[in-house]
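Its first residue numbered 1, the first sequence is counted upward by one per residue in full-length UniProt numbering.
Idealized CB from N, CA, C, for every residue including glycine.
Right, one structure below, let's go through it.
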Amino acid sequence: MTNQFDFILFWPGVTCCLQQILGAMESQVGGGPAGPALPNGPLLGTNGATDDSKTNLIVNYLPQNMTQDEFKSLFGSIGDIESCKLVRDKITGQSLGYGFVNYSDPNDADKAINTLNGLKLQTKTIKVSYARPSSASIRDANLYVSGLPKTMSQKEMEQLFSQYGRIITSRILVDQVTGVSRGVGFIRFDKRIEAEEAIKGLNGQKPLGAAEPITVKFANNPSQKTGQALLTHLYQSSARRYAGPLHHQTQRFRLDNLLNMAYGVKRFSPIAIDGMSGLAGVGLSGGAAGAGWCIFVYNLSPEADESVLWQLFGPFGAVTNVKVIRDFTTNKCKGFGFVTMTNYDEAAMAIASLNGYRLGERVLQVSFKTSKQHKA
DNA sequence: TACAATT
């Protein structure tokens, strides 16, 4: 593997070759964080001073499964490496998606930026740039921002935050299909104190003439996640659960549904009558899973997962998306979730049937999602 | 307990 890299990287069209080689590496959602600069084997001179500013690089957005050896091989193809480090989670050893490379020759560092920055590896486009000197003052300077107006661009967000300090990276998360903003983003400042000031100044504030205030807080660091939560997350990501005791219930729902239709239950579609004028504020929406009716499901147990929502709503018709809202730290369900259904009639039927339904010890409350809680 | 979002 290492030799393959060394050989192929001498040739033009490196991107294509690399993608073939790395194609076997498993794709993984979630980008690498723009990590804080970390000590990278500093070599202290006799005067005790070190200047790595022209040789030490930070590499962001590496594919999740790239190994230390592959990392070293890729960047070692440019020139002699003084040291390099793929940053990994302390507990699990998983790559955090970024690393550092310190070249012997500043010219090679420059060459690495010109050659490898923007290189596409699997689903990622890697970023290669000079690393800032390691310092406590630049740690924990990453902010998570939510409630942004959907129309706000990354540039506009930067303009809003730039009054508090130097921005190192920023990002607005977008719907993968439509490309529309999800109203959530990240801002990494150069200094932690700048991030603190931005929280003081902007958290709970309305940008420009925005209708709603934004939330600004320190971003959670994936490496701070507990090992248990991480394992739970990995398990939930890959496991496909099958219904146990729930199965007979879904069969009953399906039967109810068929009976209702067979006996001509009134199927009122406001769309056909008044063009949705009576439905302002309810859950018709576009989204990653396509347009549909978003349903709010309340009183789920902390252990609830997506499969229960599929099981409950699937029998009523086309379900394009389900989501259990979890606490980011504990991975426990926060008590509610969302279901998107394509057709109004089927969504209405599901709501009418499932609202008040007892699931285990809990009575579900099911309704169309409202855009704002204070609205009726 | 009541309407998300974590690169």
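Burial state of residue i (16 or more Cβ within 10 Å)
i, result
"K206", "exposed"
"G185", "buried"
"F189", "buried"
"R358", "exposed"
"Q311", "buried"
"L86", "buried"
"L208", "exposed"
"T151", "exposed"
"V319", "buried"
"V177", "exposed"
"I78", "buried"
"A348", "buried"
"S153", "exposed"
"D52", "buried"
"V363", "exposed"
"E346", "buried"
"S104", "exposed"
"P63", "buried"
From the options, residue whose alpha carbon lies closest to that of residue i
i, options, result
"N65", "T151, G209 and Q122", "Q122"
"V128", "F100, I193, Q94 and S104", "F100"
"I172", "I187, Q163 and V339", "I187"
"F338", "L364, G97, Y164 and V297", "V297"
"K54", "K90, P106, Y61 and L202", "P106"
"G360", "A347, M349, V308 and G314", "V308"
"G165", "G93, G201 and D80", "G201"
"I81", "K155, N102 and F313", "N102"
"N203", "E212, A131, K217 and A211", "K217"
"A136", "K191, G292 and N220", "K191"
"G291", "Y344, F316 and K323", "Before going on, a small fix: residue 291 reads as Ala here, not Gly. For A291, the nearest C-alpha among the options comes from Y344."
"I58", "Q163, T169, G179 and T215", "T169"
Residue i - partner residues in DSSP beta bridges
i, result
"I167", "F189"
"T125", "K120"
"Y98", "Beta-bridge pairing links Y98 to no other residue."
"N60", "K127"
"F368", "I295"
"N142", "R188"
"S83", "N102"
"V177", "Paired residues: none, contrary to the question."
"F218", "L143"
"R362", "L359"
"I172", "G185"
"R88", "S95"
Taking contact to mean at least 3 C-beta pairs separated by less than 8 Å, is the segment 142 to 152 in contact with the segment 103 to 122? no
Restricting to runs no shorter than 3 residues, where is the beta strand (DSSP E) found entirely within the segment 278 to 359? 292 to 298, 319 to 326 and 333 to 341
Could you tell me whether the segment 176 to 184 touches the segment 192 to 206, using the rule of 3 or more Cβ pairs below 8 Å? no
Assess contact between the segment 323 to 338 and the segment 294 to 312, defined as three or more Cβ pairs (one per stretch) separated by less than 8 Å. Is contact present? yes
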